[in-house]
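Participant: The structure that follows is given in the form of C-alpha cells.
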Amino acid sequence: MPRRLLILVLGLCAAAQALGEVYQTPEAFVAEVFGTAPAPRVLWLTRELQAGAAAILDHPPANLRQRYWSDGAKSVWILEDIGKEELITAGFVISQGRLDHVRVLAYRESRGQEVRDPSFLKQFAGAGLAQGDRLDRGIDGISGATLSVHAMERMSRLALYFDRASRN
Amino acid sequence: MPFKLRLARTLRRWHARIGFAALIFFVLIAVTGVALNHGAALGLDSRYVHAEWVARWYGIRQEQPQQAYRTESHLLVAANGRWLLDGSPTGEKMPRPLGLVEMGDLLVVGGESSLHVYRGDGALVDRLDGYALPGFPLKAIGTGGGELVVQTPDGPFSSADVLSWRPGAPKVVAWSIPTPLAASDREAYARRLAPAISLQRILLDLHSGRFLGRFGPLFFDVVAIFLTILALSGAWMFLAPRLRR
C-alpha cells in the first residue's frame with residue numbers, strides 16, 4: 001500500500017504542479033516597468049516592520065529582507081503569498097504611495113485563476129493605504145476564488161506598506 | 169411474538185452491536201473529517217510529522233546523512249529534504265545543499281537552484297532563486313575577497329551583498345566542500361532528520377483508510393456500509409412506531 005500510495009500521491013502532486021503556470025517572469029515584469037531593470041534594492045525588515053507585515057499577512061514574513069526595484073518615481077515589489085495551498089507570485093508597481101498596476105506573475109493553485117483577469121486587477125489601480133494599513137477601497141470578490149482574492153489584497157497592502165517604509 | 173415486534177427487537181439489537189463495534193472508526197472518521205474540513209485554518213498542510221516509524225509505514229526510504237558542511241563556527245547537515253543548521257531544523261522540502269559559507273554576519277547555503285541566506289542565529293534573511301541568481305544550475309559556492317562566489321555553467325559570479333552579481337571571481341576562492349561524518353554522528357543526525365510527512369496527508373489517509381494498507385479502503389467501505397445500516401435502522405426504529413399510530 002504505502003509504495004503505491006506514495007506513487008499515487010506523487011502523481012497527483014505532479015499533476016497539480018503541472019496546473020500551476022508562470023505567466024511572466026519577475027525579471028521580465030521589472031524590465032517592462034523600467035525599460036532596463038535598475039539594480040535591486042533591499043528593505044531590511046526591522047522588528048517593527050516584521051510586526052506590521054505579520055499583521056497584514058496573518059503570519060510572519062518569510063524573509064528578513066525584501067528585494068525591490070525603484071527608479072525614484074516608481075517602485076516594483078514582487079511578492080508571494082499562499083492562496084489556498086500554493087504560492088501566488090504577483091508584481092506590484094507603486095507610484096506616489098498608490099498602486100499603479102498589479103499583475104499575477106505565477107499562479108499555482110488548481111482553481112481561482114480568475115484573479116489574474118485584468119477586470120479584477122484593475123480594481124487595485126490607484127488604491128492606497130488607509131487607517132490600519134487597509135486598502136482605501138473595497139475589492140470585489142470572485143466566486144470560487146475567495147482565498148486567492150484575499151491573498152491578492154494582503155499582498156497589495158504589504159507592497160504599499162513596504163513602499164511607505166522604503167521611503168521613510 | 170408478532171413478526172413486527174421480533175423485527176424491531178432484532179433491529180435494535182443489531183443497531184447497538186454495529187454501533188458499538190464500529191465506534192472507534194466512526195469517531196476516527198468524524199474527527200479526521202472535521203480536521204480536514206478546516207485544514208487551511210488549522211494549517212495542516214504546513215505541519216509535518218517527523219517519525220522514523222511513520223516514514224517506514226509509508227515505505228519512504230530514509231536517507232542517512234554522510235557528510236557535513238562546516239565553516240569556522242557553523243555546521244550544516246542535510247538528509248531527507250531537511251537541513252540542520254547548527255543543530256536546528258530550518259524548514260521542510262529543502263534542496264540538497266552544495267555548500268555553506270560565512271559572510272560577516274550572514275550564512276549562505278547554496279543549492280543547485282537556490283541560495284538561502286541566514287543570520288547567525290538561524291533566522292532566514294532571504295531566499296534567492298530563479299531570476300535572482302546569476303545562472304542555473306549552481307555548481308559550487310565559496311568566498312573570496314569578502315565576496316560570495318558561485319560557480320555556474322557560464323562561469324563564476326561574485327556578489328558582495330548576495331543581491332547583485334558581477335561576472336568573474338577573485339583570484340583566490342575558498343570553495344565550500346563537505347567533510348565526512350563519523351558513523352555515530354550519522355546515526356544521531358539520521359534520527360533528527362527523519363523524513364517529513366504532512367499532517368494533512370496522514371489525516372487524509374486515516375480518513376480514507378489508506379493508512380491501514382491496501383485493504384484499508386475496502387475495510388472503510390465496510391464501515392461506511394455499517395454506517396448506512398445504522399442510519400437506516402435508526403430511521404426505521406424512529407419512524408415505525410409513529411407510522412403505526
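In the order they appear, the protein sequences are chains A and B.
Counted the way the numbering used here counts, the first sequence spans residues 1 to 168.
Counted the way the numbering used here counts, the second sequence spans residues 169 to 413.
Each residue gets a CB set at the ideal place from its N, CA and C atoms; glycine is no exception.
1. In chain order, what residues of the same chain have a beta carbon less than 7 angstroms from the beta carbon of Asp254/B, not counting five sequence neighbours either side?
2. Could you tell me whether the Cβ of Asp213/B comes closer than 8 angstroms to any Cβ of chain A?
3. Just confirm the distance between the C-beta atoms of Leu79/A and Gln24/A, as a whole number of angstroms; I'd bet it's less than 8 angstroms.
4. In chain order, what residues of the same chain have a beta carbon less than 6 angstroms from the beta carbon of Ala15/A, not counting five sequence neighbours either side?
5. Can you tell me whether Thr311/B is buried or exposed? The criterion is at least 16 other CB atoms within 10 Å of its CB, across all chains shown.
6. Are Pro61/A and Leu331/B close, meaning C-beta to C-beta below 8 angstroms?
7. Return the first residue and the last residue of the alpha helix (DSSP H) that Val195/B is part of.
8. Please report the distance separating the alpha-carbon of Met262/B from that of Gly249/B.
9. Nearest chain B C-beta to Arg184/A closer than 8 angstroms, yes or no?
10. Starting from the C-beta of Pro346/B, find all residues in its chain whose C-beta is less than 7 angstroms away, skip the five residues before and the five after it, and write them out in chain order.
11. Taking a Cβ distance cut-off of 9 angstroms, strictly less, list which residues of the stretch 323-355 of chain B are near chain A, in chain order.
12. Span of the beta strand (DSSP E) holding Gly279/B?
13. In or out: Arg116/A buried (at least 16 other Cβ within 10 Å) or exposed?
14. Name the chain B residues that come within less than 8 angstroms of Lys74/A, Cβ to Cβ?
15. Using only the alpha-carbon positions, how far apart do Phe120/A and Pro348/B sit?
16. Look at the alpha carbon of Val76/A and the alpha carbon of Leu274/B, and state the distance between them as a whole number of angstroms.
17. Give the DSSP-derived three-state secondary structure of Pro118/A in the structure shown.
18. Check whether the stretch 336-345 of chain B and the stretch 217-226 of chain B touch, using three or more Cβ-Cβ pairs below 8 angstroms as the test.
19. Assign Ala403/B to one of two classes, buried (16 or more other C-beta atoms within 10 Å of its C-beta) or exposed (fewer than that).
20. What is the residue span of the alpha helix (DSSP H) that Leu87/A lies within?
21. According to DSSP, what are the bridge partners of Ile365/B?
22. Can you give the Cα-Cα distance for Phe124/A and Arg103/A, rounded to whole angstroms?
23. Pairing CB atoms from the stretch 202-216 of chain B with CB atoms from the stretch 359-377 of chain B, are three or more of them under 8 angstroms?
24. List the DSSP bridge partners of Arg382/B.
25. Under 8 angstroms, Cβ to Cβ, is there at least one residue of chain B near Glu32/A?
26. Once DSSP output is grouped into helix, strand and coil, what is the label at Ile345/B?
27. May I ask you to list, following chain order, the residues of the stretch 81-105 of chain A that have a beta carbon less than 9 angstroms from some beta carbon of chain B?
28. Just mark Phe162/A as buried or exposed, buried being the case when its beta carbon has 16 or more other beta carbons within 10 Å.
29. At which residues does the alpha helix (DSSP H) containing His101/A begin and terminate?
30. Using DSSP with H/G/I as helix, E/B as strand and the rest coil, what is Ser156/A?
31. Which one or two residues does DSSP pair with Thr311/B in a beta bridge?
32. Count the CB pairs spanning the stretch 151-166 of chain A and the stretch 45-57 of chain A that are closer than 8 angstroms, and state whether there are at least three.
33. Under 8 angstroms, with one C-beta from each stretch per pair, do the stretch 387-401 of chain B and the stretch 185-195 of chain B reach the 3-pair mark?
Facilitator: Inspection of the coordinates gives the following:
1. His242, Leu243, Gly290
2. yes
3. About 14 angstroms separates the two Cβ atoms, so there is no contact after all.
4. Bear in mind that a pLDDT of 43 at Ala15/A, under 50, signals an unreliable position, so the number given afterwards is only what the model happens to contain. Contacts found: none.
5. buried
6. no
7. 191-205
8. 5 angstroms
9. Residue 184/A cannot be examined here, being either before or after the span of chain A that is shown, 1 to 168.
10. Gln235, Ala236, Tyr237
11. Asp329, Leu331, Ser332
12. 274-279
13. buried
14. Simply none; closest approach about 19 angstroms.
15. 55 angstroms
16. 26 angstroms
17. helix
18. no
19. exposed
20. Taken as a continuous stretch (DSSP letters only), Leu87/A belongs to no alpha helix (DSSP H), being part of the beta strand (DSSP E) at 87-95.
21. Val217/B
22. 10 angstroms
23. yes
24. DSSP output for Arg382/B lists no bridge partner at all.
25. no
26. coil
27. Ile82, Lys84, Glu85
28. buried
29. From DSSP, His101/A is part of no alpha helix (DSSP H) but of the beta strand (DSSP E) over 98-107.
30. helix
31. Leu316/B, Ala342/B
32. yes
33. yes
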